[in-house]
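Mapping of the sequence shown onto our numbering: position 303 corresponds to residue 317, and the numbering continues sequentially without gaps. Heads up, the beta-carbon is just placed ideally off N, CA and C, and yes, glycines get one too. Report on the structure given below.
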Amino acid sequence: MRRHLAWLVAVMGLLAPSPVTASADNPIVQHIYTADPAPLVHNGRVYLYTGHDEDGSTNFTMREWRVWSSADMVNWTDHGSPLNLASFSWASANAWAGQTVYRDGRFYWYVPTTNRATGRMAIGVAVSDSPTGPFHDAIGRPLVENGEIDPTVFVDDNGQAYLYWGNPNLWYVRLNADMVSYSGGPTQIPLTTSGFGTRTGNASRPTLFEEAPWVFKRNGLYYNVFAARCCSEFIAYSTAPGPTGPWTYRGTVMPTQGSSFTNHAGIVDFKGGSYFFYHNGALPGGGGYTRSVAVEKFSYGSDGSIPTINMTGSGAPAADTLNPFTRQEAETIAAESGIETEAASEGGREVGFIENGDWTKVRSVAFGSGPRSFTARVASATSGGTIELRLGGTSGTVVGRCTVPGTGGWQTWTTVSCSVSGATGTQDLYLRFAGGSGYLFNVNWWQFTA
Ligand code: FUB
Numbered sequence: 015m016r017r018h019l020a021w022l023v024a025v026m027g028l029l030a031p032s033p034v035t036a037s038a039d040n041p042i043v044q045h046i047y048t049a050d051p052a053p054l055v056h057n058g059r060v061y062l063y064t065g066h067d068e069d070g071s072t073n074f075t076m077r078e079w080r081v082w083s084s085a086d087m088v089n090w091t092d093h094g095s096p097l098n099l100a101s102f103s104w105a106s107a108n109a110w111a112g113q114t115v116y117r118d119g120r121f122y123w124y125v126p127t128t129n130r131a132t133g134r135m136a137i138g139v140a141v142s143d144s145p146t147g148p149f150h151d152a153i154g155r156p157l158v159e160n161g162e163i164d165p166t167v168f169v170d171d172n173g174q175a176y177l178y179w180g181n182p183n184l185w186y187v188r189l190n191a192d193m194v195s196y197s198g199g200p201t202q203i204p205l206t207t208s209g210f211g212t213r214t215g216n217a218s219r220p221t222l223f224e225e226a227p228w229v230f231k232r233n234g235l236y237y238n239v240f241a242a243r244c245c246s247e248f249i250a251y252s253t254a255p256g257p258t259g260p261w262t263y264r265g266t267v268m269p270t271q272g273s274s275f276t277n278h279a280g281i282v283d284f285k286g287g288s289y290f291f292y293h294n295g296a297l298p299g300g301g302g303y304t305r306s307v308a309v310e311k312f313s314y315g316s317d318g319s320i321p322t323i324n325m326t327g328s329g330a331p332a333a334d335t336l337n338p339f340t341r342q343e344a345e346t347i348a349a350e351s352g353i354e355t356e357a358a359s360e361g362g363r364e365v366g367f368i369e370n371g372d373w374t375k376v377r378s379v380a381f382g383s384g385p386r387s388f389t390a391r392v393a394s395a396t397s398g399g400t401i402e403l404r405l406g407g408t409s410g411t412v413v414g415r416c417t418v419p420g421t422g423g424w425q426t427w428t429t430v431s432c433s434v435s436g437a438t439g440t441q442d443l444y445l446r447f448a449g450g451s452g453y454l455f456n457v458n459w460w461q462f463t464a
């Protein structure tokens, strides 16, 4: 998807106090449309599992799931798509809202998708030894199927895991320790107005619960954060003393905002902060079927309550700094304009489809007393161009210029270096790409030298 961010910067500037940086960092993924965020914290990183609204989607056209990760909540690495409809031999359409959980060294990704044989939505489960995949269908058939959607999985302190899902109802099953089978049958959680709020004007749905449950436990209290009312949805929550209830409605988390008629929440604690993930239609061309994932930081009340959280263009503050003296993937990005990512022949992904004036931004880069040189892994089937290293903005101070030659192919990689001066302290770094017309070059990774 080719797009430019001037419009986004202007619009998001209206939603939030003007950030110090020169661009909006929410939505956190800006080169494709994403939806239905499900964060997972593991070994000092937050992994973010999302859906992918295809360009031009007009009715939840979604064929694959995507993975992103971050060590600081602002710079997100694109890990591509390790799971798609073809991963499930029985699935025919609708790669909708899932969640990944970790247990005993493996990652289990629960997803709703259409069962070709029945034409109904079913819940599948994929498994991997790595949070970024590859994932494969764990059982070769739906784990559970009743035409309802949006699985969330929670493992209680005693090891009992629960799979919840539903729209229009709310169901759970007790998962076995293998995470790919369950004991007992699906059980319905009573949708009472005391438990899930009161909806008016819809006799068949008297409570606010619509879809997208997100169940977790904090300080002994069980939370169910869900998409409420339709449409447009808002995010609400209920709490309970146990994993199956009884639930008490606690109110709004995120009001209806952001030009998508759905919303979908995911919540984690990370590096001392609490973070609320959601989606909206904030990117150019965005809307109800072309959504984008965003994040806000928040604090629980002393009574465990979740405050009202509004969508912003600035997003979360950095939870950490980024070390430029270790190899950084070019596809680790806080904001961008014009670029895309694709698989690199050397492994991982690269930033590609770069044209003159495109850029990527990396936030909170800890330069310390200042690097002396910059190295990048690059390839170009044309005559290359220049990587401009700028501080604070796309027209900020240039601290280095690296020439990228033609290498004879888009996957013919070479390493280029250039000197750097004037980059000290912790600053936002912009890699601005310059050259002639057409595609210039690809970048796999970069690194500064002290
Ligand atoms: O993304 C498809 C569907 O839209 C999800 O399953 C729902 O939660 C809503 O976000």
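Reduced DSSP category for residue i - H, G, I as helix; E, B as strand; rest coil
i: Gly449; result: coil
i: Ala464; result: coil
i: Thr75; result: coil
i: Thr207; result: helix
i: Ala481; result: Given that the chain is displayed from residue 15 to residue 464, the structure contains no residue 481 and the question cannot be resolved.
i: Ser476; result: In this structure the chain extends from 15 to 464, so residue 476 is not present and cannot be described.
i: Leu235; result: strand
i: Ser435; result: coil
i: Ser252; result: strand
i: Ala100; result: helix
i: Ser218; result: coil
i: His278; result: coil
i: Asn456; result: strand
i: Trp110; result: coil
i: Trp90; result: strand
i: Phe367; result: coil
i: Val194; result: coil
Any non-hydrogen atom of the ligand FUB closer than 7 Å to residue i Cβ
i: His150; result: no
i: Trp123; result: no
i: Thr258; result: no
i: Thr262; result: no
i: His278; result: yes
i: Met76; result: yes
i: Pro165; result: no
i: Pro204; result: no
i: Asp50; result: yes
i: Gly295; result: no
Beta carbon of residue i nearer than 8 Å to that of residue j
i: Phe210; j: Tyr176; result: no
i: Val457; j: Ala344; result: yes
i: Leu222; j: Ala242; result: yes
i: Gly215; j: Pro165; result: no
i: Asn98; j: Ala109; result: yes
i: Trp82; j: Leu62; result: yes
i: Gly398; j: Phe455; result: yes
i: Trp460; j: Gln342; result: yes
i: Ala279; j: Val309; result: no
i: Ser252; j: Trp261; result: yes
i: Ser246; j: Phe275; result: yes
i: Gly357; j: Gly94; result: The residue asked about is misnamed: residue 357 is Ala in this sequence, not Gly. Taking 8 Å as the Cβ cut-off, Ala357 and Gly94 qualify as a contacting pair.
i: Ala38; j: Gly327; result: yes
i: Ala136; j: His150; result: no
i: Met7; j: Ala250; result: In the structure as shown, the chain starts at 15 and stops at 464, and residue 7 therefore has no counterpart that could be examined.
i: Thr335; j: Thr440; result: yes
Which residues DSSP lists as bridging residue i, in chain order
i: Asp164; result: Answer by DSSP bridge pairing: none, since Asp164 is not bridged.
i: Thr411; result: Leu405
i: Lys375; result: Ala349 and Tyr444
i: Asp39; result: Paired residues: none, contrary to the question.
i: Asn129; result: Ala105
i: Leu54; result: Tyr61
i: Phe312; result: Ser288
i: Ser397; result: Note: Ser397 sits in no beta bridge, so no partner.
i: Met268; result: Ile249
Validate contact between the stretch 376-389 and the stretch 64-78 using beta carbons, cut 8 Å, 3 pairs: Touching, no.
Would you check if there are 3 or more beta carbon pairs closer than 8 Å linking the stretch 42-62 to the stretch 290-309? In the pairwise beta carbon analysis, the stretch 42-62 is classified as touching the stretch 290-309: at least three pairs are separated by under 8 Å.
Hey, is the stretch 123-135 in contact with the stretch 195-206, meaning 3+ C-beta pairs nearer than 8 Å? Not touching, per the Cβ criterion.
With three or more C-beta pairs closer than 8 Å as the rule, is the stretch 421-434 touching the stretch 387-407? These segments touch.
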